[in-house]
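Numbering (this note's numbering), first residue to last: 1 to 727.
Where is the CB? At the ideal position from N, CA and C, for every residue including glycine.
A short worksheet on the structure shown next.
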Amino acid sequence: MIKVLFSLISTLILLLQIFSICWAQNDAHRESAEKTFPPVLELNELLVTPSVLNFDFSSDTSSRLDLPVFETPASITVINNSELKRGGYQEVGKVLERSPGFVWGNPPAEPANYSMRGFTSNQVMIQRDGIWLGPALITGRPQNGFNLDRIEVLKGPASVLHGQGAIGATLNMVTKKPEMGNSNSYEILSSYGRYDTVKAGVGAGGPMGKNLWFRIDGSEYSSDGYVDNADPKSRNFIGSVLWKPNDQLDVTFGVDFLDDKLQNYWGTPLVTEAFATQPLTGVVSTTDGRTIDKRTQFVNYNISDEVADSYQMLTTLDLSWKHSNKLSFRNYTYFLNADREWRNSEQYTFNSTTNLIDRDRFFVAHEQITVGNRMSAKYKNTFAGMENQYLVGIDSSYVDFERKSQPLSNVTSVDPFSVTLPSQDTFGNSPASFRLNPTRIISVATFFEDTLKVSPKLRLVAGLRQDHIELFRLNFNDPTPGESFEKTFNPFSWRLGAVYEIAPSWNAYIQMSSGTDPLGDDVFLVTSSQNFDLSTSQQWEMGLKSRLLDGRAEMAVAVYHIERQNTLIKDSNDSVLGGDGSQRSTGFELEGSFLVTPKWRVGANTAYTDAEFGVFENVSGNTPSNVPEWVANAWTNYSRVAGLPIDVGGSFRYVDDRFNDRFNTVKMLAYQTVDIHATYRSGNGRYTARLTNLFDKAYALWGDEFYNNQLILGSPRSFEISAQFDF
């Protein structure tokens, strides 16, 4: 029923576009629309946005040639600060899930895990201000939106721009920066929600003197969590200074500090059907009859002195020099220092003999230093009378990553129904001896990007990248001292695309691109037993972008196919299941929005993904974990209800069935959620009340295939009350 509903919604959007073409051809209607609906709406007057797809924005994540989204042959999502603010500066995963095809999870072992276009984990690259900090499962952390200026997403392989690891998508979290101006600006956020959830943020920016501007933002988040004893906390501080001594030179120095504690909930264990006297229906289906007992839905089986903390400091220096209107240079230097630590009971297995939950112990810690520099030169000229622009550059980095780990033998068991866990014991001191695995990575890449405007309607875009990666992996202490090794990789990546204006405000595009990534594990942890070459990926994509009714309606559609070759799969015991396999994904994405009146905007999107493993030991033809076939969203915002300074809105989300494991034995069932909100505006303030998961739907948010006896359940119905001020 839900699939049919969203197919109808998708069809309705397409019909709307077709109808609007006819309407746009009517001069009288167009003139009337121009008088009734101004092309630009002031945000201080209306809550609804004049654009959602941000076609006019130039995203460095998708191209460094200042191409607007509308003229770039790729599927791109840009979520600007106005949208982040309107959403209450939510966690990044909750923001992105409104975009076509996105699914996310936040298990403590991999706290920033996304699924996009049939690929998950390290095949979805996460950046901070355009910097790859490392494999997503190692370096990713949950992020709230207060310190962000925008989120940029490039879908599909993007190694030609960002190096190894970008296959399903590239997510770039861009922080707020100084803006040149003569006055100061201030922003304040305060919110409170269910489970004693508190968010607070303060930001300020403005001139510091002649040719000098600053921006500083700080935010804090804490919660008791919807699962017992899983209380996440985070503190993020960013500061930057812009110095512009003349019209040609910009120098920006930035500091980004994060200190956090993860929501240390590793999942709710599956139990036998005979044991579950209150089975939680509509959440999971398994081939062996296991289910989730409602009595254990939000019980945390972790130890009492659990640890899942991190500290990181990112320092950047960005220099831009405009030599002339044709020639410009940029140099971007960065330094990352990060420490992370986990001490937990991570795996929970129901013991049908004792009717208890058996738990392990595991300790792991990271120390990481990354230093990098990216320099480029951009030049505009003409080629055979055609407008041409190209960019060449060098990208280099050095990573010093040290991992300490130790699984412990003291397995303990607890009563599944003990909410307060009286038998919840402690981890104790960190182990005196542990596995020590230092990794050193030296990377140097040269890259080239070019765009040629063949005619007023046709633009070509191309890119090349040659990487040279030297990897040194050491292993000390049993059981892996013999697996130390070193290896050199020389991956080559490319992209070729074209954009053609098939009609006014209608652009069609086609693109082919390639990508590379470590074939079965992240490059920080690979051992000699996985000493293979890199995986390679290729994608073809074609799509359509349109703006209609003088900007009141907009639409984007993309069809793609991705093939990933030379891959391997590891199980939870680090053994390799296959070393020469493949993975493929085919699908489409459709999104659109319509400004019905100056006060009312509606939008919807849907994505279909057909993903499977190719020839692979034991899993050929199976669906990768956490990849739904269908994902869909619909939303609406209405401003100035009854002429009052009150804005209301709501959203609906559907996520199809997904598997928790590559063997497809544990199926997380489809779910639907509804969120609503209302905002009262007075002066410089916005006061908002939100209800999420309005109908209190029980569902599985994510499944970690290395912990396939348990599932991460989604949050129940929650509320939030917030106040935001801009001065």
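Quick check: what's the CA-CA separation for Asn331 versus Ser191? 39 Å
Quick check on the burial criterion: 16 or more other C-beta atoms within 10 angstroms. Buried or exposed for Tyr265? buried
For Val198 and Gln724, what's the separation of their Cα atoms in angstroms? 14 Å
Please list, in chain order, all residues of the same chain as Thr72 whose beta carbon is under 6 Å from its beta carbon, the five residues on each side excluded. Ser62 and Ser63
Please report the straight-line C-alpha distance between Ile357 and Gln312, rounded to a whole angstrom. 35 Å
By a C-beta neighbour count over all protein chains shown, 10 Å radius and 16 as the cutoff for buried, is Ser514 buried or exposed? buried
Per-residue DSSP class, three states only, for Ser190: strand
Taking all protein chains shown into account, decide if Ser32 is buried (16 or more other Cβ within 10 angstroms of its Cβ) or exposed. Confidence in Ser32 is poor, its pLDDT being 38 and thus under 50, which makes the residue's placement too unreliable to answer from.
Would DSSP call Arg128 helix, strand or coil? strand
What is the DSSP secondary structure of Glu42, counted as helix, strand or coil? Reliability fails at Glu42, whose pLDDT of 37 lies under 50, so the model's placement of it is uncertain and no value is given.
Have a look at Leu548 and Val559 and give me their C-alpha separation to the nearest angstrom. 21 Å
With a 10 Å radius around its C-beta and 16 neighbouring C-beta atoms as the bar for buried, classify Pro100 as buried or exposed. buried
Given 8 Å, three or more beta-carbon pairs between the stretch 272-281 and the stretch 645-659: no
Output the distance between the C-alpha atoms of Glu617 and Thr623, rounded to the nearest integer angstrom. 14 Å
Residue range of the unbroken alpha helix (DSSP H) whose run includes Ser722: Here Ser722 belongs to no alpha helix (DSSP H); instead the beta strand (DSSP E) covers Ser718 to Asp726.
If you drop the 5 nearest sequence neighbours on each side, which residues of the same chain put their C-beta closer than 6 Å to that of Asp224? Tyr195, Asp196 and Asp231
Measuring CB to CB, does Gly650 end up less than 8 Å from Asp675? yes
Tell me, which residues are paired with Asp259 by DSSP? Arg235 and Tyr311
Between Glu554 and Leu53, how many whole angstroms is the CB-CB distance? I'm expecting something under 8 Å. 5 Å
What does DSSP give as the partner residues of Trp630 in its beta bridges? Tyr608
Measuring CB to CB, does Val666 end up less than 8 Å from Asn708? yes
Taking Cβ positions, are Glu612 and Gly621 nearer each other than 8 Å? yes
Would you mind sorting Ile76 into buried or exposed? The rule is 16 or more other CB atoms within 10 Å of its CB. buried
Inter-residue Cα distance where the pair is Ser443 and Asp467: 7 Å
For Pro157, the three-state DSSP class (helix, strand or coil): coil
Nearest residue (CA-CA) to Leu133, options Thr354, Gly206 and Asn373: Asn373
Please state whether DSSP places Gln278 in a helix, a strand or coil. coil
For a test of the three-state rule: what should DSSP assign to Gly372, helix, strand or coil? strand
For Ser345, I'd like the list of residues in its chain whose CB is within less than 7 Å of its CB, leaving aside the five on either flank, ordered along the chain. Tyr301, Asn302, Ile303, Arg359, Asp360 and Arg361
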